[in-house]
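Okay, structure first, notes after.
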Amino acid sequence: MFIYHFNRLIRNRILWGFFAIIIAIAFVAVDSCFRSPQDAQSAGTINGKRVPYDQFEQTVRAIRGFGRDRDSETPVSVVDRRAWEQIAARQTAEKNGMGSLNEEVRNALREVPGFRGPNGFDINRYRMVLAEQGLTPAMYESLVSHQLALMKNAALVDSASWVSPMELNDELAAMTDRFTVQTVTISNRFAQTEMRLSEEDLRKFYEENKDSFALPDRVAVRYIAIPVSNYLAYVSVPEDDLLEYYDSHTDTYTRTTTNNTTESIPFAEVRDKILAELQLEEARHCASTAVTFSIYGKLADAGDNAMEVAAKRAKVTLKTSPLFAADETLYWAENSKEFADAAFELEPDRSDSRFGIVKGDQFIYVIERKEFSAAHTPTYENVLNDLRPRAQAKARSDAFQDYVKELRTELSTLMDQGKSFADAAKAKALNVSTSLTYSVNEVQNQSFPNSFSIAYGAMSLKKGELSEAIPASATQSLLVYVQDRQPGDALAAEMMRAQVRMGIARRRSSNLFSDWLTWNLAQQNFNPARPLSDGDGDDDEDDDGAFADPDASAEKK
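As structure tokens, then:
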């Protein structure tokens with residue numbers, strides 16, 4: 010317990026202020042000796058300006074997303090190119106005086122509902138929400154600054170977009186005209202079919218989708234989880250600390266009265282709750298101190314059996330994790346981000362970093378590296394078990410699409426020969442729906458199966474035309490035949506004009522801005538450290554889109 014009380018002593022702010030000065034001087038003296046390897050790396054350069062590795066990887070993480078919604082399917086080369094496009098765009102914005110200001114970032118944070126408490130922006134809630142996503146405030150604010158700069162660029166590019174009167178009128182007609190249609194529903198007969206795929210088919214699928222099998226650096230650890238509750242008996246919380254905590258969190262302890270006003274909850278009613286919270290917090294410090302002393306003190310000479318001994322003493326099970334990446338969510342551990350960070354900092358050959366100690370809410374984790382797997386693309390043989398079902402799914406999808414396409418061609422041929430749509434469908438053993446009449450802008454008020462799929466799938470068709478396949482579900486597609494199309498309500502069209510114009514502009518600006526990002530990167534002296542898909546950072550392909558230089562194109566020819 011001496012170590013625990015010493016730990017409480019050094020948490021004194023005055024002592025820590027003194028230590029901070031000494032440590033700062035020491036770090037200046039040794040310069041970069043303690044920098045992580047990634048800090049010294051460059052992801053590449055744009056116009057001779059070095060792009061730090063951590064900035065590039067942060068942009069990549071933002072593109073892929075966080076948590077359960079993270080995109081792990083898009084190939085690495087595609088995401089890398091998007092990251093470079095965004096970084097180049099941000100540099101262009103800053104060069105033109107359109108970078109984000111600190112005040113703009115602060116205002117953006119205040120507008121996020123998830124960061125608000127009873128009295129507006131809540132810094133504690135802000136930090137908690139970010140921690141759940143594995144982010145620090147500095148990381149998130151950098152992302153917000155990045156996005157604000159991109160939004161300014163997008164707004165500038167969008168200002169060059171023009172919606173023609175003819176395009177607008179066509180869109181309004183599609184929204185307000187009265188459609189009368191018939192449909193046939195085609196079930197996916199291949200949904201449960203075992204597709205015959207040869208070795209050549211599987212290898213072809215692997216080569217076409219190789220990037221999707223790429224794996225980042227991964228690590229597996231041995232670990233024990235020691236309950237924080239084991240140390241509750243060793244801690245006590247003075248009454249003054251309880252009162253101080255209550256006074257500094259008065260906004261937390263409130264309730265709504267019968268008169269719909271807010272009042273503070275008396276200290277006596279929440280004392281036990283505060284006591285439990287502070288006891289658990291003290292127990293975490295106590296546990297962390299004791300475990301650190303045990304692992305790096307008493308078990309320093311235990312050799313390869315140190316973790317087994319620690320597990321036995323703590324009366325817990327020694328577990329081995331699967332391989333995991335640095336940005337992967339570890340659902341079997343608390344504080345996933347801290348756990349993963351600690352795991353990737355382990356150095357088995359160094360006594361001072363052989364073990365990692367991670368504080369969770371209910372557990373203290375002791376971890377030791379079990380295996381390290383460097384980033385690589387597995388061979389065909391190593392991913393065969395994962396590849397086969399994916400190839401099967403694609404083969405089923407392709408077979409169904411080919412079947413529907415062929416069926417549509419046969420229906421069109423029969424109608425060209427003089428048959429009605431209903432008769433042509435019956436000739437192919439398809440069930441035809443009764444006639445449905447609707448307008449797209451009012452379809453939400455009408456109730457018939459697959460109404461939105463039918464409405465939006467057929468809105469560009471003229472009278473007598475047959476739609477392409479319209480997906481209705483994972484196992485069904487539709488073909489829609491337009492029996493009649495009559496002009497809709499002119500007043501409704503006029504009322505929707507401004508809204509529809511904005512919709513067209515938004516759709517166009519998203520594509521326009523994407524083209525601009527590609528064009529803008531091509532204008533820079535761009536040299537990535539790791540090659541993109543074509544192995545050339547300058548990318549001489551003709552992908553400049555709407556921003557291509559006609560003179561440059563002529564020179565190429």
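In terms of the numbering used here, the sequence shown opens at residue 10 and continues consecutively.
Virtual Cβ for every residue (Gly too), placed ideally from N, Cα, C.
Note that the structure is a prediction, hence the values are computed from the model and not measured.
For the alpha helix (DSSP H) containing residue i, list its first residue and its last residue.
| i | result |
| --- | --- |
| R399 | L393 to D425 |
| D89 | V85 to K104 |
| V228 | Unbroken run through V228 is the beta strand (DSSP E), R227 to P236; no alpha helix (DSSP H). |
| V114 | N111 to R119 |
| S460 | S460 to A467 |
| F430 | F430 to A436 |
| Y62 | Y62 to R73 |
| E347 | S345 to E354 |
Quick check on residue i: buried or exposed, where buried means 16 or more other Cβ atoms within 10 Å of its Cβ?
| i | result |
| --- | --- |
| K161 | buried |
| A555 | Residue placement at A555 is flagged as unreliable, the pLDDT there being 40, under the threshold of 50; a coordinate-derived value is accordingly withheld. |
| Y149 | buried |
| S173 | exposed |
| I132 | exposed |
| Q371 | exposed |
| A98 | buried |
| N7 | No statement about residue 7 is possible, as the shown extent of the chain runs from 10 to 566 and does not include it. |
| N567 | With the chain covering only 10 through 566, there is no way to say anything about residue 567. |
| E112 | exposed |
| L139 | buried |
| R119 | exposed |
| Y243 | exposed |
| S41 | Low confidence applies to S41: its pLDDT is 34, below 50, so where it sits in the model is not reliable, and the reading given next is rough at best. Exposed: under 16 other Cβ atoms inside 10 Å. |
Please check the pair residue i and residue j, which I expect to be a contact at CB under 8 Å, by giving their CB distance rounded to whole angstroms.
| i | j | result |
| --- | --- | --- |
| D260 | P84 | Not confirmed; about 47 Å, so no contact. |
| F348 | V367 | 5 Å |
| L475 | L488 | 6 Å |
| L541 | D89 | 6 Å |
| K414 | A478 | 7 Å |
| S382 | D220 | No, S382 and D220 are not in contact; Cβ-Cβ is about 18 Å, not under 8 Å. |
| L332 | E380 | 7 Å |
| A117 | L157 | 7 Å |
| R506 | L181 | 6 Å |
| A384 | S51 | Not really, about 17 Å apart at Cβ, beyond 8 Å. |
| S462 | A481 | 5 Å |
Starting from the Cα of residue i, find the closest Cα among the options and give me that residue.
| i | options | result |
| --- | --- | --- |
| R494 | V190, R136 and A402 | V190 |
| R280 | F302, N269 and E253 | E253 |
| L284 | V246, A140, E176 and S86 | V246 |
| L500 | L139, A483, A531 and M184 | M184 |
| S486 | K472, S257, S196 and D498 | S196 |
| Q100 | N529, A538 and P540 | N529 |
| N218 | S523, T446 and V392 | V392 |
| D63 | F409, I463, I96 and S460 | I96 |
| S421 | I376, R363, F381 and V491 | V491 |
| V69 | G497, S482, L181 and E94 | E94 |
| E66 | I304, G108 and P225 | P225 |
| I513 | R125, W171, R59 and G53 | W171 |
Report yes if the C-beta of residue i is less than 7 Å from at least one heavy atom of the ligand FAD; otherwise report no.
| i | result |
| --- | --- |
| A404 | This structure lacks the ligand FAD, and indeed carries no ligand of any kind. |
Which residue comes first and which comes last in the beta strand (DSSP E) that contains residue i?
| i | result |
| --- | --- |
| A52 | S51 to I55 |
| K368 | F364 to K368 |
| Y254 | Segment E248 to S257 is the alpha helix (DSSP H) holding Y254; no beta strand (DSSP E) there. |
| T261 | Run containing T261: none; DSSP gives neither H nor E here. |
| I283 | No beta strand (DSSP E) holds I283; the alpha helix (DSSP H) holding it covers F276 to F302. |
| K379 | F372 to S382 |
| F535 | F535 to P537 |
| Y215 | Not the beta strand (DSSP E): Y215 falls in the alpha helix (DSSP H), residues E208 to E217. |
| Y490 | Q485 to Q495 |
| F124 | Where F124 is concerned, there is no enclosing beta strand (DSSP E), given that its DSSP letter is neither H nor E. |
| T189 | R187 to S196 |
| L139 | Per DSSP, L139 belongs to no beta strand (DSSP E); it is in the alpha helix (DSSP H), I132 to E141. |
| E317 | No beta strand (DSSP E) contains E317, which is instead part of the alpha helix (DSSP H) from A315 to A323. |
Is the Cβ of residue i closer than 8 Å to any Cβ of chain C?
| i | result |
| --- | --- |
| G123 | Protein chain content of the structure displayed is limited to a single chain, and chain C is not contained in it. |
Answer yes if the segment 415-432 comes into contact with the segment 202-212, meaning at least three C-beta pairs across the two stretches below 8 Å, and no otherwise. no
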